[in-house]
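Colleague: The sequence shown begins at 71 in our numbering and counts up by one.
Ideal placement from N, C-alpha and C gives every residue a C-beta, glycine not left out.
Pasting a structure below so you can have a look.
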Amino acid sequence: MELDEIAVNYYHESLALAQKSLISGITISAVAYLVAISGIGKSSYSIPFIGIEVESLSYFSISLLCLYFACGMLCMHGMEKADTNWKLVSDADLSARLLQTPNILMAKSISKAFLYGGLFMVGALLSAKILNLEGWRVSIVGSIVSAPYFLALRTSAYFKKPSPHKSTDNPN
């Protein structure tokens, strides 16, 4: 297996990780919001993807908010690794074709604008509902909780620039 093949495989795996993390984070936020607004009283709550049970609704809600943040960190990590692997591909034509990989994080500007707004609203609404925050505190906590997703989306902008390592003369 050639080095470019390995870099391409890692690139695809990294993008898949980032996209799955984004979708998982959005799913977790929906569950957290539904739980926070409904306030369903149960004896215990099971945290999705982890399987840990907690006794309190407030602990469960805070755990979901932390899990939303953790999915954002994983999404950001996946995008950074995809960027690193994309830069390792030495063939300029192959590198350009890799930019056509279907992935929500590699979407055009308008789609990203909606994602930015939606992810911020998720972070802000969850923090307001779960932590009982108001005013400017909601914006600050919402920005902090959503920051990894913003950075992941920002990383995708680096793929648009030609990598300095690319060469059409060098097939390796």
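Between which two residues does the alpha helix (DSSP H) holding P218 run?
Modeller: The continuous alpha helix (DSSP H) containing P218 extends over residues W206 to T225.
Colleague: For I76, count neighbouring C-beta atoms within 10 Å of its own C-beta (all shown protein chains included) and say buried if the count is 16 or more, exposed if not.
Modeller: Under a 10 Å Cβ-count criterion, I76 is classified as exposed, with fewer than 16 other Cβ atoms of the shown protein chains found around its own Cβ.
Colleague: Given that a residue counts as buried once 16 or more other Cβ atoms are within 10 Å of its Cβ, and exposed if not, what is D163?
Modeller: Counting Cβ neighbours within 10 Å, D163 comes out exposed, since fewer than 16 surround it.
Colleague: With distances taken from CA atoms, which of C145, Y103 and R207 is nearest I174?
Modeller: C145
Colleague: Mark L185 as exposed unless 16 or more other C-beta atoms lie within 10 angstroms of its C-beta, in which case mark it buried.
Modeller: buried
Colleague: Are the CB atoms of D161 and T225 nearer to each other than 7 Å?
Modeller: no
Colleague: Just the Cα atoms here: how many angstroms apart are I214 and Y138?
Modeller: 11 Å
Colleague: Please say whether S94 and C141 have beta carbons closer to each other than 7 Å?
Modeller: Annotated as proximal: C141 and S94, with beta-carbon spacing under 7 Å.
Colleague: Among residues of its own chain, excluding the 5 on either side of V192, which ones have a beta-carbon nearer than 6 Å to its beta-carbon?
Modeller: S99
Colleague: Round the Cβ separation of V78 and V159 to the nearest angstrom and send it over; I've been treating them as touching at under 8 Å.
Modeller: 6 Å
Colleague: Could you tell me how far apart the beta carbons of M176 and A222 are, in whole angstroms, since I believe they sit closer than 8 Å?
Modeller: Not a contact, Cβ separation roughly 11 Å.
Colleague: Taking the C-alpha atoms as reference points, what is the distance between A88 and G121?
Modeller: Within the model, the alpha-carbon separation for A88 versus G121 is close to 22 Å.
Colleague: Identify the residues that DSSP records as bridge partners of V159: which are they?
Modeller: According to DSSP, V159 bridges with nothing at all.
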